[in-house]
Amino acid sequence: MFNKIIIAGSGLTGLTLALLLAKKGVKVILLDEKNEVGKGSKAICFSRRTLEIFDKLGIAKLVLEQGVQWNKGRVFFRNKEIYSFELLPDKSARYPAFVNISQYEVEKILIAAVNQEKNIELRRQHRIDNLTQDSGGSYIKVTTPIGEQTFSTAFLVACDGSRSTVRRLMGLKMIGSRSEEKFLIIDFRMEADFPSERWFWFAPLHHEHETILLHKQPDNIWRLDVKLGRGVSEDIVNNHDFVLKKIKQVVGDKPVKVEWVSLYRFSNKMLENFVFGQVIFAGDAAHVFSPFGARGANSGIHDADNLAWKLSEILQNNATTDLLKTYNHERVMACNQNITCTTNSTLFISPPSLEAIAVRDSILQNAIDDDEAKRKVNCGRLSVPNIYSKYLSSEQGEWLSKDTSPGYGVKDCLMREGYLIEKLGYEFTLIIYADIVSPDMQAYLGTHDIQILPVNSSDNPSLISLYELTPTSAYLITPDQYILGRWKEFTPEKAIQLKQTYLSGALDNITPPILTEQELIDEKVAKSLINAT
Ligand SMILES: Cc1cc2nc3c(=O)[nH]c(=O)nc-3n(C[C@H](O)[C@H](O)[C@H](O)COP(=O)(O)OP(=O)(O)OC[C@H]3O[C@@H](n4cnc5c(N)ncnc54)[C@H](O)[C@@H]3O)c2cc1C
């Protein structure tokens, strides 16, 4: 049988993609070599944007309930606290900035949702071993417990992780770097009363070349991530006394039970393109980042969100495969932003030479009482929605707010009833004053598959003010909840034309986003560390 879509790999990226496609009514087959969810410890920090995507799948509440929230981060240099930051609960947003929960618990929640979904066939113990292609699609040879099988498919989405078999079989190589430094991950159980905060130490008193990150997970499990350096033996993970010593150096003599230990070297690598005809890459198969900033799993889930509705438009609404150019453009751009960001963080966390360490340490020393130096301290910039390019025709009129301009993810907002993010749904949506919506306008936009979210001005002052809405203005939002257009003088034709331009995959007449103030600071600091070498 010829399938429309096969997804290789049922990790966080593949599972999310399958569920989003199924929500659009697309049938998918998910192939995974494993028979169960993974063991050990990988991602623990999931961002607001990820929770908003999970909201579309109806699982965000469960993830929140099972996870722990943290609102405070503290940063130390030697034995002094340099500064702390608050991720205060944002009452205007449905979801918190972050929730901590083990990646495998999230995978279990996703699998439970997949098992309820008639449009998804999850085939475990199906290892992809070979791949051939012709103009019709891909032919995948799979080893299963009952022998070899061949699957044919129009679209193959490779979500098969950092060692992607699909990538290897297609002869594709990632570009980027791998660190020589080794980091130790320890997950330990500690019942003691200890604040639910993110703690980061540069050069702690017991070892001037270490860095330490401490984070809380559910069920009194704590994650310690310690930079040990280059010449560390792989056997260190079996040295229980050493592991206990590392825990004690941070939490003191409290009773603890070690749950998991592993050693890793991080990579910052990516494919230069994510779309190769009808084979598409997403998640770790397309890019890998250092964990500082929690951008790995989160960005894979964001890839899935960007891609799913586009595949559905192609398969169900006659869009051409040119639409995938926007996936390639936006997610490669997002990936470049993530790589730059994590590279700058890791340069600060792990400077490349003794001279660079001296530069870094003087910034840290100054940061104790200098606000400007504080902004240079980089212990990981946490995952936020990436900013995309905008079309020249996507904005008209004078606007004050930059972060509600085209190319930005929608900022959530409390409405009279519920939150904006819940009301947007999974279609192109126009946000507009209710008073000017006529049945004719609704019907006309409806024929172009644009739904309307009418906003009652007196009921929703925060939304009106955040989005600078007036009786003549409007915003066009994509199904993955990005701002595609905003106009001070709106006409339905402007929205319809912009939607058509986007669906056609046209990438001329676009402007890339400019760097944020913080990104510029981080870049300058990173250069000073490299130049010190
Ligand atoms: C120590 C550590 C901490 C991290 N912390 C964070 C964090 O806090 N936040 C964050 O966002 N990210 C974090 N990450 C990154 C995160 O774990 C990964 O980005 C995430 O697992 C990627 O998900 P994925 O679905 O793309 O790939 P994977 O999770 O690798 O899933 C790939 C799937 O493909 C299957 N597969 C592979 N080959 C084949 C084949 N030939 N045939 C069939 N199936 C196959 C595998 O069995 C697997 O199920 C961390 C990573 C590490 C190592």
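Here the sequence shown is numbered in the numbering used here, starting from 1193 and rising by one per residue. Note that beta-carbon positions come from the ideal geometry of N, C-alpha and C, so glycine has one too.
If you run the structure through DSSP and keep just helix, strand and coil, what is residue 1591? If you number the sequence shown from 1, residue 1591 lands on position 399. In the structure shown, residue 1591 sits in coil (DSSP, three-state: anything other than H, G, I, E or B).
How would you call residue 1535, buried or exposed, if buried means at least 16 neighbouring beta carbons within 10 angstroms? Walking along the sequence shown from the start, residue 1535 turns up at place 343. So residue 1535 ends up on the buried side.
Just to confirm, does residue 1457 get its C-beta within under 7 Å of one of the non-hydrogen atoms of ligand 1? Within the sequence shown, the letter at position 265 stands for residue 1457. Not under cutoff, so the answer is no.
Note down, in chain order, each residue of its chain lying with its Cβ closer than 7 Å to the Cβ of residue 1517, except the 5 sequence neighbours on either side. Taking the sequence shown and counting its residues from 1, the one referred to as residue 1517 is at position 325. For residue 1517, where only same-chain residues beyond five positions count, the Cβ hits under 7 Å are 1697 and 1699.
Using the three-state DSSP reduction, which class does residue 1653 fall into: helix, strand or coil? To locate residue 1653, count along the sequence shown from 1; it is residue 461. Note: residue 1653 maps to helix in three-state DSSP.
Taking buried to mean at least 16 other C-beta atoms within 10 Å of its own C-beta, is residue 1592 buried or exposed? As a position in the sequence shown, residue 1592 is number 400, starting the count at 1. Under this definition residue 1592 is an exposed residue.
Please classify residue 1498 as buried or exposed, where buried requires at least 16 neighbouring CB atoms within 10 angstroms. For the purposes of this step, residue 1498 is taken as residue 306 along the sequence shown, with counting starting at 1. Under this definition residue 1498 is a buried residue.
Considering just the uninterrupted stretch of the alpha helix (DSSP H) at residue 1341, what are its terminal residues? On the sequence shown, residue 1341 is found 149 positions in, with the first residue counted as 1. It is not in any alpha helix (DSSP H) - residue 1341 instead sits in the beta strand (DSSP E) that spans 1339-1350.
When you measure from the CB of residue 1601 to every non-hydrogen atom of ligand 1, does any distance come out below 7 Å? By one-based count along the sequence shown, residue 1601 stands at place 409. Answer for residue 1601: no, Cβ out of range of ligand 1.
Would residue 1200 and residue 1352 qualify as a contact pair, given that the criterion is a beta-carbon distance under 8 Å? By one-based count along the sequence shown, residue 1200 stands at place 8. By one-based count along the sequence shown, residue 1352 stands at place 160. Their beta carbons are under 8 Å apart, which means residue 1200 touches residue 1352 by this criterion.
Does the beta-carbon distance from residue 1259 to residue 1301 come in below 8 Å? The residue labelled residue 1259 in the question sits at position 67 within the sequence shown. The residue labelled residue 1301 in the question sits at position 109 within the sequence shown. No; because the gap between Cβ atoms is not below 8 Å, this pair is not in contact.
CA nearest to the CA of residue 1668, picked from 1471, 1281, 1637 and 1652: Start at 1 with the first residue of the sequence shown, and residue 1668 comes out as number 476. Checked all of 1471, 1281, 1637 and 1652; the closest Cα to residue 1668 is 1637.
Proximity below 8 Å, CB of residue 1655 to CB of residue 1607: Taking the first residue of the sequence shown as position 1, residue 1655 is located at position 463. Taking the first residue of the sequence shown as position 1, residue 1607 is located at position 415. For residue 1655 and residue 1607, yes; Cβs fall inside 8 Å.
At 3 residues or longer, what runs of the beta strand (DSSP E) sit wholly inside the stretch 1350-1435? 1367-1370, 1374-1381, 1389-1394, 1403-1408 and 1413-1421
Distance, residue 1674 Cα to residue 1701 Cα: Translated into the one-based positions of the sequence shown, residue 1701 becomes position 509. Translated into the one-based positions of the sequence shown, residue 1674 becomes position 482. Computed Cα separation, rounded: 18 Å.
Output the boundary residues of the beta strand (DSSP E) element that contains residue 1335. Taking the first residue of the sequence shown as position 1, residue 1335 is located at position 143. Taken as a continuous stretch (DSSP letters only), the beta strand (DSSP E) holding residue 1335 covers 1329-1336.
By the three-class DSSP mapping on this structure, what secondary structure does residue 1451 have? Position 259 of the sequence shown holds residue 1451. Strand, per DSSP.
Give the straight-line distance between the Cα atoms of residue 1215 and residue 1595, rounded to the nearest whole angstrom. What you label residue 1215 is simply residue 23 of the sequence shown in a count that begins at 1. What you label residue 1595 is simply residue 403 of the sequence shown in a count that begins at 1. Roughly 29 Å separates the two Cα atoms.
Would a C-beta distance cut-off of 8 Å place residue 1625 and residue 1650 closer than the cut-off? For the purposes of this step, residue 1625 is taken as the residue at position 433 of the sequence shown. For the purposes of this step, residue 1650 is taken as the residue at position 458 of the sequence shown. Contact: no.
What would DSSP say about residue 1245, mapped onto helix, strand or coil? Taking the sequence shown and counting its residues from 1, one reaches residue 1245 at position 53. DSSP places residue 1245 in helix when its eight states are reduced to three.
Coarse secondary structure for residue 1562, derived from DSSP in three states: Residue mapping note: residue 1562 aligns to position 370 of the sequence shown, counting from 1. Coil, per DSSP.
Does the count of Cβ pairs from the stretch 1244-1253 and the stretch 1301-1312 closer than 8 Å reach three? yes
Which partner residues of residue 1316 appear in the DSSP bridge assignment? The residue labelled residue 1316 in the question sits at position 124 within the sequence shown. According to DSSP, which records beta bridges pairwise, residue 1316 is partnered with nothing at all.
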